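> Numbering-wise (the working numbering), the sequence shown opens with residue 117 and increments by one.
First the structure, then my questions, so here it is.
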Amino acid sequence: MIIRVKFNKKNYLKYISHLDLMRLFQRSFNRANIPVKYSKGFNPQPKFSIGAPLSLGIESEEEYMDIDLEYMPVAEFIDRMNRVLPEDIQIISGKYLKREESLNSIIAWSNYEIQFKTDHRKSKEEINKVIDNWLLHEKIMITKIRKKKGKEIEKEINIRPFIGNVIVKDVNNNITISVLLKTGSNGNLNPMDFVNVLNRDCELNIDMDTISIKRLALYAEKGDELYKPL
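Now the structure itself:
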């Protein structure tokens, strides 16, 4: 049976890589005596996956993981896991799936909260207006560099379809914005790439050393509607 769980990743543990996070969960399954199913073959591996892995250095309130295991009550699974996991990575909720659907096939958007300092003294309304006017452009281009056969190849990409709503929430000591960015196999925009192009085009003079990014939510998409995977 497939159980889908929601978990967080906070504070210093935002600096562990996706591979180390997978290892952490694998060890935790063993310590908590979770009846996880294993793949067949010469080197059996526990059958679980994490949807839309986070970039290093980003906190999250809401990540998702699917685990294939022998049935056990959801509350017992959560209790056992949280007893062995670090306090900054905890299982929040879970449920068994009625039908199998991979997380990576349905996750389409991420909601981020981004904070930074700037030497601008504009009001929240003024910054919102600047960003709203920027989003009226049909094309917002960035240059991505990829290596192929030892050569660096530059490619221009229009990221405007990857940007949803952008809302300025606060302009006190830090500027705080909420932004919806495309995530997953049908398109993906790294939040740092978004900040860089926002700074470039909107002339916000962002102090790049003060940037803090937190993922607040992940969404699946069906038609024009967004919904939570759990």
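Even for Gly, the Cβ is constructed at its ideal location relative to N, Cα and C.
Bear in mind that the values here come from a model prediction, so they are computed numbers and not experimental data.
How about leucine 305 and isoleucine 275: are their beta carbons less than 7 Å apart?
yes
> If you reduce the DSSP assignment to three classes, tell me which class aspartate 325 lands in.
strand
> Kindly indicate which three-state DSSP category isoleucine 220 falls into: helix, strand or coil?
Isoleucine is not the amino acid found at residue 220; the sequence shown has asparagine there. Here asparagine 220 carries a helix assignment [DSSP, helix/strand/coil].
> Considering only residues of the same chain and omitting the five flanking positions on each side of arginine 196, which have a CB-CB separation below 8 Å?
Ala148, Asn149 and Ile150
> Can you give the Cα-Cα distance for alanine 168 and glutamate 254, rounded to whole angstroms?
26 Å
> Tell me which residues share the same chain as asparagine 220 and place their Cβ nearer than 8 Å to its Cβ, disregarding the 5 neighbours each side in the sequence.
Around asparagine 220: Ser165, Gly167, Ala168, Gly300 and Ser301.
> Assign tyrosine 187 to one of three DSSP states: helix, strand, or coil.
coil
> Is DSSP giving methionine 257 helix, strand or coil here?
strand
> Let me check one thing: in DSSP terms, what residues is aspartate 347 bridge-paired to?
Given a span of 117 to 346 for the chain in the structure shown, any question on residue 347 remains unanswerable.
> Would valine 152 pass as a contact of phenylalanine 141 if the rule is Cβ separation under 7 Å?
No, these two residues do not count as a Cβ contact at 7 Å.
> Under 8 Å: do the segment 168–182 and the segment 122–139 share three or more Cβ pairs, one atom per stretch?
Yes, the segment 168–182 touches the segment 122–139.
> Alpha carbon to alpha carbon, what distance is there between lysine 330 and arginine 262?
27 Å
> Please confirm whether threonine 259 and isoleucine 322 have their CB atoms less than 7 Å apart.
Not closer than 7 Å, so no.
> So lysine 211 packs on arginine 120, CB below 8 Å; how close in whole Å?
Right, their Cβ atoms sit about 6 Å apart.
> Checking 7 Å against the spacing of the C-beta atoms, do leucine 314 and tryptophan 225 come in under that value?
no
> Figure out for me which residue from Lys130, Ile247, Pro160 and Pro307 has the closest Cα to the Cα of glutamate 203.
Lys130
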